[in-house]
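Chemist: Structure in C-alpha cells, see below.
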Amino acid sequence: MTSRLPLRAAILVVAVFVAVALLVLRPDGDAADPVPAGHGRVVDVVDGDTLRLDIGGEEETVRLLGIDTPEVRHPTRPVECYGAEASDRLAALTPPGAVLRLERDEEARDHYGRLLLYVHATAADGSEIFVNRQMVLEGAAVALAIDPNDAHRDVLADAERQARDAERGLWGACGGPGVPVDPLSDR
C-alpha cells in the first residue's frame, strides 16, 4: 500500500503555507489593506478644500466640489481670515490614512488637472460624514456651485445658510468670506 497524506493533512499544509505567505508578504496590514473601488486613502491635506489621495495606487490631487475655503496659499491672493482653521478642520475630518468614499459629478477634472469630487468620511460611530457639507455647516467653507457640477447645490446652500445664521466659523470670526488676514494680528 502506498503511503499518502490524508486529504485533511494536505489541506492543512496548504492553509498554513498560504497564511505564512500572507504574513510575510503583508507585514503591515493597515497600509496594505486594499481600498475598495470608488474610494481613496488620504495622503495629506493641501488646504481647506484640497486633498491628496491615493486612488488605486496613484496619488491624485482632489478639489472638493461645491465648496470654497479661505485662501492660505494662493499665488496672487492674500491669506484670508479663517484659512488656517479651515485647513485644520479638513485635516481633522480626513486624517492621513483615512479611507474616503468618493463621489463624482459631471466634470471629472478642473483646468489644473485636479480631480473634482464630493468626499464622504466615516465617523467614529461608523456613520458617514459628507465632508463637503460638514465643512460648510461648520463655517469652515462657503457653498460654491459651478455648473455643471452642482448635484449637491441645494444641500450645500442650506448648510451655508445655517452656518451664517448661527455665525459659525468664518461667519462669526471674520464677518464672512474673502476677508484678508490683518498682518498685525496674531493669526
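Going left to right, the sequence shown walks through residues 1 to 187 as UniProt numbering numbers them. Where is the CB? At the ideal position from N, CA and C, for every residue including glycine. Since the structure is predicted, the reported quantities are computational estimates derived from the model, not experimental observations.
(1) Apply the 10 Å Cβ neighbour rule to Glu-128 and answer buried if 16 or more other Cβ atoms are within range, or exposed otherwise.
(2) Measure the alpha-carbon distance for Ala-173 versus Ala-92 and round it to whole angstroms.
(3) Who are Tyr-118's beta bridge partners in DSSP?
(4) Answer with buried or exposed for His-152, where buried requires no fewer than 16 other C-beta atoms within 10 angstroms of its C-beta.
(5) Who pairs with Thr-61 in a beta bridge, going by DSSP?
(6) Assuming Glu-85 is part of the alpha helix (DSSP H), what are its boundary residues?
(7) Under the DSSP definition of a beta bridge, which residues are partnered with Asp-44?
(8) Helix, strand or coil: how does DSSP classify Val-131 here?
(9) Could you have a look at Arg-73 and say whether DSSP puts it in helix, strand or coil?
(10) Could you tell me the alpha carbon to alpha carbon distance between Ile-55 and Asp-150, rounded to whole angstroms?
(11) For the alpha helix (DSSP H) containing Asp-158, name the first residue and the last one.
(12) With DSSP as the reference, please indicate the residues paired to Arg-109 in a beta bridge.
(13) Over what stretch of residues does the alpha helix (DSSP H) that includes Leu-170 continue unbroken?
(14) Return yes when the Cβ of Thr-61 is within less than 7 Å of the Cβ of Ala-141, no when it is not.
(15) Take Pro-95 and list the residues in its own chain whose beta-carbon comes closer than 8 Å to its own, dropping the five residues that flank it on each side.
(16) Grouping DSSP H, G and I as helix and E and B as strand, with all else coil, what is Val-136?
(17) So what does DSSP say about Val-181, is it helix, strand or coil?
Modeler: This is what the structure holds:
(1) In the sequence shown, counting from the first residue as 1, residue 128 sits at position 128. Glu-128 should be labelled exposed.
(2) Position 173 of the sequence shown, counted from the first residue, corresponds to residue 173. Position 92 of the sequence shown, counted from the first residue, corresponds to residue 92. Between Ala-173 and Ala-92, the C-alpha separation is close to 19 Å.
(3) Sequence index remark: in the sequence shown, residue 118 carries index 118 (1-based). Answer is Glu-103, bridged to Tyr-118.
(4) Here residue 152 is taken as the residue at index 152 of the sequence shown, counted from 1. Per the 10 Å Cβ criterion, buried.
(5) Counting from 1 along the sequence shown, the entry for residue 61 is found at position 61. Thr-61 is bridged to Arg-52.
(6) The residue labelled residue 85 in the question sits at position 85 within the sequence shown. It spans 83-93 - the alpha helix (DSSP H) in which Glu-85 sits, taken as one unbroken run.
(7) Taking the first residue of the sequence shown as position 1, residue 44 is located at position 44. Answer is Arg-52, bridged to Asp-44.
(8) In the sequence shown, residue 131 corresponds to position 131, counting from 1. Helix, per DSSP.
(9) Along the sequence shown, read from residue 1 onward, the residue named residue 73 stands at position 73. In this structure, Arg-73 counts as coil in the three-state DSSP scheme.
(10) Looking up residue 55 in the sequence shown gives position 55. Looking up residue 150 in the sequence shown gives position 150. Distance between the alpha carbons of Ile-55 and Asp-150 is about 23 Å.
(11) Indexing the sequence shown from 1 puts residue 158 at position 158. Element bounds for Asp-158: 153-165.
(12) Position 109 of the sequence shown, counting from 1, holds the residue named residue 109. Bridge partners of Arg-109: Leu-115.
(13) Position 170 of the sequence shown, counting from 1, holds the residue named residue 170. Segment 170-173, the alpha helix (DSSP H) holding Leu-170.
(14) Along the sequence shown, one-based indexing puts residue 141 at 141. Along the sequence shown, one-based indexing puts residue 61 at 61. Cβ distance not < 7 Å, so Ala-141 and Thr-61 don't count as in contact.
(15) Working through the sequence shown from its first residue, we reach residue 95 at position 95. These residues qualify, in order along the chain: Val-42.
(16) What you label residue 136 is simply residue 136 of the sequence shown in a count that begins at 1. Correct three-state label for Val-136: helix.
(17) Position 181 of the sequence shown, counting from 1, holds the residue named residue 181. DSSP places Val-181 in coil when its eight states are reduced to three.
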